[in-house]
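There are 2 protein chains.
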Amino acid sequence: MREVAVIGVGIQKWGELWDKSIRDIFVESASLAIADAGVDHIDSMYVGCMSGGLFAAQEHLASMMADYLGVIPAAAARVESACASGGLAMRLGWMEVASGLSDIVLVGGVEKMTDVTGEEATFALATAADTEYEGYQGITFPGLYAMMARAHMEKYGTTLKQLSLVAVKNHANGALNPDAQYPFPVTLETVMNSTLVAEPLRLMHCSPITDGAAAVILAPADIAKKKFKKHPMVVVTGSGHATDTIALHSRADITTIKSTELAAKKAYQMAGVKPEDIDFAEVHDCFTIAEIMVTEALGFFKRGQGGPAVEKGVTALNGRKPINTSGGLKSKGHPVGATGVAQVIELSRQLWGEAGKRQLKKARRGLAQNMGGSGGSSLVHILERR
Amino acid sequence: MREVAVIGVGIQKWGELWDKSIRDIFVESASLAIADAGVDHIDSMYVGCMSGGLFAAQEHLASMMADYLGVIPAAAARVESACASGGLAMRLGWMEVASGLSDIVLVGGVEKMTDVTGEEATFALATAADTEYEGYQGITFPGLYAMMARAHMEKYGTTLKQLSLVAVKNHANGALNPDAQYPFPVTLETVMNSTLVAEPLRLMHCSPITDGAAAVILAPADIAKKKFKKHPMVVVTGSGHATDTIALHSRADITTIKSTELAAKKAYQMAGVKPEDIDFAEVHDCFTIAEIMVTEALGFFKRGQGGPAVEKGVTALNGRKPINTSGGLKSKGHPVGATGVAQVIELSRQLWGEAGKRQLKKARRGLAQNMGGSGGSSLVHILERR
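The structure is reproduced here in structure tokens:
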């Protein structure tokens, strides 16, 4: 299979975008990506979106977005793996270019979540869990992650302060990201005293409801080298995809995300690297406990050491293993279908040396981890600067 | 890219399956496909589904289905292109095996449409059109296809009798298919006197609302040749995917399906064949006018000759170019996410010589055409017996 490069990215400020439709926000970001890459056409595109139906009463998004982006009759596919829909779009776009079937592929993600009521949004998100055995019994995602947090605290001694420091760190990073939904710092006191949502999780341990889109353009590395030179060469060296039970109650251990462990293993193997070879990562902090669990599942820290790592500043912007330099889902926002694609954008910008005020000094190899539901699916990608 | 074979299929009787859930019907068909192929694992799977959210309040279907099928942690992706979701799953599964990334891939499709009211189902289906500019103005799919029918009748002289004879033919074929939702013949009189839905379309010109699933197992041809010999060798020789405007009013000509023309062109080119080289086809007769339009778009008949071809018996089971030997969407049923996969099953069975009472004498090369919405997306696959 061919080596695949990221040759352009497009994203706009995320938030409550009430004056724009789902088609507007996708087309704007996708157009920026096309302009950034400098391509004059695309061969195919992928649209990651969790629930066009429940959030926007619009399915058939691939046809709609190809139409309004002006790229018909290009092949276009909408893909879904709940909150990992963007990561799934990335994997399939990579596969299409790597296979030799297409040269120029747009990978995008979108979710328009604030045009429905809070109750409707909570219901729509709950369809990422097992509707019959979880949703219809009354549990929603804050409750599921609260159980994981409580179990992790019980088993490993993870503290509420550590859960809170994840939010403090991510908001500190997000304050340097002009595209973030909430680009401001928060204090530990603010996080710990915020409204209780599901014991032990408080409001500031939860990522927000967001409207947003993101897009990247992929091309074969050999073509990119000759024709698309705006950015330094950044290539995908690893891709991993794994599933786990959709319902939390079916798992032997709810203090880790097994699908992330397995997807990471595949990605590391493909890239020929180990967790310690990763300079920085964007991970799926839908709740702050998730960041702690997945940094352990990715092998960055031993089981139970994710919390202490945050407390010691290891995952801070100037730490040994910076995590969520973009601000993460917590500060940047979490339009579920777009999140996985935005992670790839942050990796690309850091690797290109174009991350502005949050630019890392050492950024040669980055990892993006995106997951669906309570970890029923995970996608891991490794990008490297050549 | 590698040559890809269909090594097993699974499908159960379609209909109003009120005693089964979306997970049940998918897992049953997928299990049958796995048993039929004789594989002991799968590397990856695709689930075509249009609206798990609006029909069944269940997204994240890839994780759910992998879980209940017992194949976690295998990679699993849900894909959507409205009523062409099954065809899209087929294309991506084919791509994954052809690329060399995976060997054994399950391609499935599912839709559970009868657990909601008729009004809710009509609304859910309408999200395959442009919600803002079509759905919210009050038009639904029978209306969109009625306009295409009227335009085709006006331009080419296509008659109501011809539209009706498509239904008569497809029910005659479906009567020989035990998996069909409505496996009985209908008379021309019954069709022409059925309830008016949207002038000129009557009830019996429209495909039904259906619960159903379908699955096939793909493997590289060279591995299939050595290890999976239950069925004769059938390989995918062409795959085409194209889009058009999502809204009908944006098109220059509504008497043809341009996305099908373009997808077919790509598939013919890949397979190195012409329309006249195709022995038989499964096409997307969501409304009987659609069968007439797409048999023209596929190049089987000149523009305006699709209607006369039906009238002359050319597309009958014993005709020169049999169309929808399975009964088509009209008689077999149309669980939208499963339809594209079921088309591949019918092709495989005909090419294997395992189509029972509806077995064709000449079946060396078949074509499947699946489309989304009013033709905003089309997928075309060509399968051949080696």
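In order, the protein sequences belong to chains A and B. One point on numbering: in my numbering, the residue at position 110 of the first sequence is 119, and numbering is uninterrupted. One point on numbering: in my numbering, the residue at position 318 of the second sequence is 327, and numbering is uninterrupted. Glycine residues also receive a C-beta, built at the ideal position from the N, C-alpha and C atoms. This one's a predicted model, so the numbers in the text were calculated from it and none came from an experiment.
In whole angstroms, what is the alpha-carbon distance linking residue i and residue j?
i	j	result
L388/A	L227/A	17 Å
V282/B	G337/A	51 Å
A84/B	T269/A	12 Å
Y145/A	T123/B	19 Å
E37/B	F132/B	28 Å
F296/B	A137/B	15 Å
I16/A	P284/B	39 Å
F399/B	D112/B	The shown model of chain B, from 10 to 395, leaves out residue 399/B, and the question about it has no answer.
D290/A	V225/A	It is Ala, not Asp, that sits at residue 290/A in the sequence shown. Distance between the alpha carbons of A290/A and V225/A: 18 Å.
K164/B	D294/B	20 Å
F64/A	I218/A	11 Å
S248/A	A276/A	5 Å
L70/A	T168/A	42 Å
V116/A	Y55/A	5 Å
K339/A	N179/B	54 Å
S216/B	R358/A	50 Å
G109/A	E105/B	11 Å
A280/A	A91/A	26 Å
P151/A	M157/A	10 Å
T324/B	N202/B	23 Å
L326/A	K235/A	34 Å
T265/A	S259/A	13 Å
V244/A	R100/A	13 Å
I332/B	F310/B	12 Å
Please check if any C-beta of chain B sits within less than 7 Å of the C-beta of residue i.
i	result
P82/A	yes
G382/A	yes
R87/A	yes
L257/A	no
Q67/A	yes
D188/A	no
L212/A	no
S90/A	yes
T140/A	yes
L63/A	yes
L227/A	no
Which residues share a DSSP beta bridge with residue i?
i	result
G17/B	I226/B
M391/A	One detail in the question is off: residue 391/A reads as Ile in this sequence, not Met. G247/A, L376/A.
G221/A	E120/A
C215/A	F296/A
S386/A	T252/A, G381/A
C92/A	S90/A
L115/B	M54/B, I226/B
L205/A	R211/A
A84/A	S53/A
E305/B	According to DSSP, E305/B bridges with nothing at all.
I332/A	A290/A
Please find out if some non-hydrogen atom of the ligand COA comes closer than 6 Å to the beta-carbon of residue i.
i	result
A65/B	By its list of ligands, the structure shown contains no ligand whatsoever, and the ligand COA lies outside what it can speak to.
Does residue i have its Cβ less than 7 Å from a Cβ in chain A?
i	result
L97/B	yes
P137/B	The displayed chain sequence assigns Ala, not Pro, to residue 137/B. It does; some Cβ of chain A falls within 7 Å.
G346/B	no
D262/B	no
S38/B	no
T254/B	yes
D76/B	yes
G152/B	no
H293/B	no
S111/B	no
Should residue i and residue j be called a contact, given that it needs their Cβ atoms to be closer than 7 Å?
i	j	result
I287/B	R395/B	no
A93/A	M380/A	yes
H390/B	A372/B	no
G349/B	G96/B	yes
I255/B	D76/A	yes
V175/A	V319/A	yes
G79/A	D45/A	no
A233/B	A14/B	yes
K121/B	D49/B	no
A189/A	K341/A	yes
I301/A	G316/A	yes
C58/A	R11/A	no
E355/A	S335/A	yes
V353/B	A222/B	no
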